[in-house]
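Q:
Numbering (the numbering used here), first residue to last: 1342 to 1509.
Here it is in structure tokens:
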């Protein structure tokens, strides 16, 4: 147990490549992903934005309503940004349980990103006491996505919107 705590403490150190910690964001009408195909619970829309502190947003050049790339050692995602006083510097909160690609029509239409793509699945990435993957506290970096790239990611084109698959 002591060795595992030491290993986790070593992973906790911020480095220049991945200075932030990504945490999962719970939502009122959602429990992980299992209620995402219930039309009544999905009414009213969702915001799949990454929440960041004003301090981190200013330092990283992120704007409220802009778009960011979230990158870990294992993957990269793009999503909208919401600057929030509720966030502590050094952390980024992303709603989890989204980015459906199966046969659930309502859930698929909701959009979002699959944050599991940022988690590792190798034996060194698992918590050895329970054998579970780490889905909270993942070391990440955030980078602004230029406005023209964000428009393409959202499927915006001259004359209307066209969906781009694989993006939130």
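For glycine and all other residues, C-beta sits at the position ideal for the given N, C-alpha and C. Source: prediction; values computed, not measured.
Do three or more CB pairs link the segment 1457 to 1466 to the segment 1475 to 1482 at distances below 8 Å?
A: In short, these stretches touch, since the Cβ pair count reaches three.
Q: Put residue 1396 into one of helix, strand or coil per three-state DSSP.
A: Helix, per DSSP.
Q: Quick check: residue 1397 and residue 1357, are their CB atoms within less than 8 Å of each other?
A: The answer is no: Cβ separation not under 8 Å.
Q: Taking all protein chains shown into account, do 16 or more other C-beta atoms lie within 10 angstroms of the C-beta of residue 1509, making it buried, or fewer, making it exposed?
A: Its pLDDT being 38, under 50, residue 1509 is placed unreliably in this model, and the value from its coordinates should be taken loosely. Under this definition residue 1509 is a buried residue.
Q: Please determine if the segment 1388 to 1405 and the segment 1466 to 1478 are in contact, where contact requires at least 3 C-beta pairs separated by less than 8 Å.
A: These segments do not touch.
Q: Once the 5 residues before and after residue 1364 are set aside, which same chain residues still bring their CB inside 7 Å of it?
A: 1432, 1434, 1477, 1478.
Q: Across which residues does DSSP place residue 1432 in a beta bridge pair?
A: Bridge partners of residue 1432: 1362.
Q: With DSSP run on the structure shown, which of helix, strand or coil describes residue 1470?
A: DSSP places residue 1470 in coil when its eight states are reduced to three.
Q: Can you tell me whether residue 1436 is buried or exposed, with buried defined as 16 or more other CB within 10 angstroms of its CB?
A: Label assigned to residue 1436: buried.
Q: Taking the alpha carbon of residue 1389 as the reference point, which residue from 1454, 1410, 1463, 1426 has its own alpha carbon closest?
A: Of 1454, 1410, 1463, 1426, the residue nearest in Cα terms is 1454.
Q: Would you kindly work out how many angstroms separate the C-alpha atoms of residue 1366 and residue 1488, rounded to a whole number?
A: Computed Cα separation, rounded: 25 Å.
Q: Apply the 10 Å Cβ neighbour rule to residue 1442 and answer buried if 16 or more other Cβ atoms are within range, or exposed otherwise.
A: By the neighbour-count rule (16 or more Cβ atoms within 10 Å), residue 1442 is not buried but exposed.
Q: Can you give me the C-alpha to C-alpha distance between residue 1361 and residue 1411, rounded to a whole angstrom?
A: Looking at the two C-alpha atoms, the distance is approximately 10 Å.
Q: Can you tell me which of the three DSSP states residue 1484 falls into?
A: Looking at residue 1484 - three-state DSSP - the assignment turns out to be strand.
Q: Rounded to whole angstroms, what is the Cα-Cα separation between residue 1485 and residue 1409?
A: Roughly 4 Å separates the two Cα atoms.
Q: How many angstroms separate the CA atom of residue 1395 from the CA atom of residue 1424?
A: Cα to Cα, residue 1395 sits roughly 6 Å from residue 1424.
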